[in-house]
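Residue 368 in the UniProt record's numbering is what sits at position 368 of the sequence shown, and the numbering runs on without skipping anything.
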Amino acid sequence: MAYDDTKTPLLPVNDRNQPSSPPPPPPPFSPKSMATLKNFYILLGPLLCAVICLCVTFDGPTTSRNMLAVTAWVFAWWLTEAVPMPMTSIAPLFLFPLFGIASADGVARSYMDDVVTLLLGSFMLVLAVERYNVHRRLALNITLRFCGEPVNPPFLLLGICATTAFVSMWMHNVACAVMMMPVATGILQRLPVNPTDGSARAATPINNFCRAVVLGVTYAAPIGGMSTLTGTGVNLILAAIWKSTFPEAKPISFNTWFLFGFPLALLIFLALWVILCLLYLSKGSSRALAAYLDKAHLKRELDILGPMAFAEKMVLAVFGTTIALWMTRSITEDIPGWGALFHGRAGDGTVSVMVATLLFILPNGKQKGEKLMDWNECKKLPWNIILLLGAGFAIADGMQSSGLADILSKALDFLEQVPYIAIALVVCLISAIITEFITSNDAAATLLVPLLSQMARTANVHPLALMIPGAIGSQLAFMLPTGTPPNIVGFTTGHIDIMDMMKTGLLLKIVGTAIVSLLMPTLGAYVFVTKGGLQ
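In structure tokens:
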């Protein structure tokens with residue numbers, strides 16, 4: 001195949017000229033070696049499935065019971081990570097046909113949708129941004145504008161965090177955190193974290209500023225990702241499950257989500273900045289930092305990158321075109337957007353794949369015939385997130401077709417008497433706790449969002465009125481290093497400890513939950529037309 005590395009053999013080849021030592025003998029097998037917690041977790045899924053099939057009976061069809069059993073199996077493996085998450089995500093491909101829930105062709109179709117193609121094309125665009133260092137140039141330019149002369153720590157912190165949030169709006173928040181953290185720590189390298197000049201007074205403000213910057217980048221990445229449909233996998237999972245569960249309803253487009261997600265993310269971001277300023281930036285911060293940090297350092301970093309190359313300009317042009325097409329495909333009912341020219345057949349995924357294709361056609365200006373992207377770069381695509389998104393589709397479709405959705409809805413009749421604001425608050429908190437202590441935010445959203453759609457029906461509220469707080473709540477995991485990948489990225493820098501994350505993360509979680517609970521019945525009701533139930 002043309003895109004493979006021809007220097008690397010497909011199969012390992014032994015060099016006969018090199019002496020080879022015999023491999024060490026394997027350890028002797030014993031039954032005790034099988035009695036591990038990992039193997040117990042592997043058996044837990046099938047055991048739960050068997051118990052439900054044997055002991056649970058529903059008034060509805062048998063497929064509803066089988067769907068519950070299969071769901072328990074898949075969820076058990078997701079929560080315990082007994083099997084790698086990507087492999088668990090494709091388990092419905094063999095479980096659904098074997099248990100009579102769906103045909104092999106039917107369940108396979110769930111793994112490819114407009115939302116999945118939106119994610120695929122977006123990640124290819126992100127890889128192009130990474131390849132040509134566009135993100136680093138953007139970060140340094142924006143931070144340079146915020147530095148101030150003399151340095152203003154709160155304003156500089158705002159610039160670094162705002163840059164991270166902005167970049168995260170257009171690429172996955174994990175990739176953003178990985179790319180932006182070296183930019184932030186590079187700025188901090190000039191600061192003496194442990195000064196040796198005897199100036200103990202300057203040590204605390206400098207250390208606290210470093211903590212504030214690292215925490216700001218760590219949390220700004222997931223917060224910025226809330227703004228757009230492509231900023232985080234959770235938003236895409238929500239849109240996918242909504243479209244699969246309610247195919248007759250208006251889908252969540254990029255533009256629609258932005259009208260709600262951007263104000264939500266902006267409020268949580270401002271809360272983050274205020275919290276960090278109150279906890280870590282004292283009045284003496286500016287004086288302590290003035291001797292070590294100035295615009296000259298940032299200018300030197302920018303000069304190292306050199307002038308903007310042709311390839312960078314082309315990537316930025318494609319990037320800007322993509323955003324413009326997403327925003328204008330469907331504007332309002334009175335102003336339909338360019339999508340009306342194709343009678344509604346074109347979706348956000350259409351734009352995403354089209355511009356991704358351009359990356360393999362447009363030249364990069366470096367060598368003759370060389371394009372902006374080649375397939376070797378695309379081998380970095382995060383297939384684990386793509387397969388997890390497909391699994392969310394499959395589970396949502398299975399719950400509907402098997403009749404399990406109707407049974408769950410009847411079992412939640414007691415929610416009719418509970419006020420909506422209380423339900424939304426509890427849903428958001430439960431989702432955040434599950435992500436914090438049990439599983440990833442993508443998996444938590446895949447587990448909870450289909451159930452919340454049934455809860456909403458029983459509580460006589462619009463499904464999105466609960467599905468959105470549940471999805472956003474799964475992204476509010478700020479307290480522990482293991483809560484989300486961006487948390488791990490920040491924790492491994494060595495500038496922060498668990499107490500820093502617990503203290504800042506708890507305050508941010510409380511404020512974020514309150515903002516979601518208040519914004520959903522107000523702005524959310526207007527954007528998603530959730531008043532009066534599902535139309």
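Ideal placement from N, C-alpha and C gives every residue a C-beta, glycine not left out.
Discussion item. I need the boundaries of the alpha helix (DSSP H) containing N384, first residue and last residue.
Written reply: 383-402
Worksheet item: Helix or strand or just coil, what does DSSP make of G366?
Response: According to the sequence provided, residue 366 is Lys. The question's Gly does not apply to it. Residue state, collapsed to three classes: coil.
Practice prompt. Could you tell me whether the Cβ atoms of Y111 and A394 are closer together than 8 Å?
Written response: yes
Item to complete: Would you mind sorting V527 into buried or exposed? The rule is 16 or more other CB atoms within 10 Å of its CB.
Response: buried
Worksheet entry | C-alpha distance - H343 paired with L272, whole-angstrom precision | 43 Å
Worksheet entry | Expected contact under 8 Å - CB spacing of A165 and G100 to nearest Å | Actually they do not touch by this definition, with Cβ atoms about 47 Å apart.
Discussion item. Give me, in chain order, the residues of the same chain whose beta-carbon lies closer than 8 Å to that of P263; leave out the 5 immediate sequence neighbours on both sides.
Written reply: L519, L523
Worksheet entry | Cβ distance (whole Å) where P222 is taken to contact Q475 below 8 Å | 5 Å
Practice prompt. Quick one: which unbroken alpha helix (DSSP H) runs of 4-plus residues sit fully inside the stretch 272-299? Chain order, please.
Written response: 285-290
Worksheet entry | Among L507, P486, H462, F478, the one whose alpha carbon lies nearest that of A432 | F478
Discussion item. Can you tell me whether K250 is helix, strand or coil according to DSSP?
Written reply: coil
Worksheet item: Going straight from the alpha carbon of L281 to that of R287, what length do you get?
Response: 12 Å
Worksheet item: Can you name, in chain order, every residue of its own chain whose Cβ lies under 6 Å from the Cβ of P473, other than the five neighbours on each side?
Response: Rather than Pro, the amino acid found at residue 473 in this sequence is Gly. Hits under 6 Å: C428, S431, A432.
Discussion item. Looking only at its chain, what residues have a beta carbon closer than 6 Å to the beta carbon of D246, apart from the 5 residues adjacent to it on each side?
Written reply: Contrary to the premise, residue 246 reads as Phe rather than Asp in this sequence. If we look at F246 and ignore the five residues flanking it on each side, it has no Cβ neighbours.
Practice prompt. Give the single residue among N66, N235, P25 whose Cα lies nearest to the Cα of P46.
Written response: N66
Discussion item. Given 7 Å as the limit, tell me if Y41 has its C-beta closer than that to any heavy atom belonging to the ligand GDP.
Written reply: No copy of the ligand GDP appears in this structure; indeed no ligand is present at all.
Worksheet item: Which whole-angstrom value is the C-beta distance of V234 and A445, which I expect to be below 8 Å?
Response: 5 Å
Item to complete: May I ask which residues mark the beginning and end of the alpha helix (DSSP H) holding T62?
Response: 62-80
Fill in: DSSP state of K371 mapped onto helix, strand, coil
strand
Worksheet item: What is the rounded straight-line gap between the Cα of T88 and the Cα of A82?
Response: 9 Å
Worksheet item: Thinking C-beta only, is W257 closer than 8 Å to M467?
Response: no
Worksheet item: What is the rounded straight-line gap between the Cα of P419 and the Cα of M327?
Response: 35 Å
Practice prompt. Examine the Cβ distances between the stretch 208-222 and the stretch 494-509 and report whether three or more of them are shorter than 8 Å.
Written response: yes
Worksheet entry | Inter-residue spacing [alpha-carbon to alpha-carbon] between S453 and L125 | 32 Å
Discussion item. For P486, tell me which candidate among G337, F260, E312, V214 has the shortest Cα-Cα distance.
Written reply: V214
Discussion item. Residues in the same chain with beta-carbon distance under 7 Å from L507, minus the five sequence neighbours each way, listed in chain order, please.
Written reply: I275
Fill in: Selection from F269, G121, N208 that minimises the alpha carbon distance to M171
G121
Item to complete: Return the first residue and the last residue of the alpha helix (DSSP H) that F99 is part of.
Response: Looking at the DSSP string, F99 is not in any alpha helix (DSSP H), and its letter there is neither H nor E.
Discussion item. Among F310, I237, A514, whose alpha-carbon lies nearest the alpha-carbon of L448?
Written reply: I237
Fill in: Spatial distance of A525 from A324 (CA atoms)
26 Å
Item to complete: Check each candidate in P521, V511, D497 and name the one with the smallest Cα separation from R211.
Response: D497
Practice prompt. Quick one: grab the DSSP three-state call for Q189.
Written response: coil
Practice prompt. Give the straight-line distance between the Cα atoms of L387 and L279, rounded to the nearest whole angstrom.
Written response: 40 Å
Worksheet item: Under the rule that 16 or more other beta-carbon atoms within 10 Å means buried, what is S352, buried or exposed?
Response: buried
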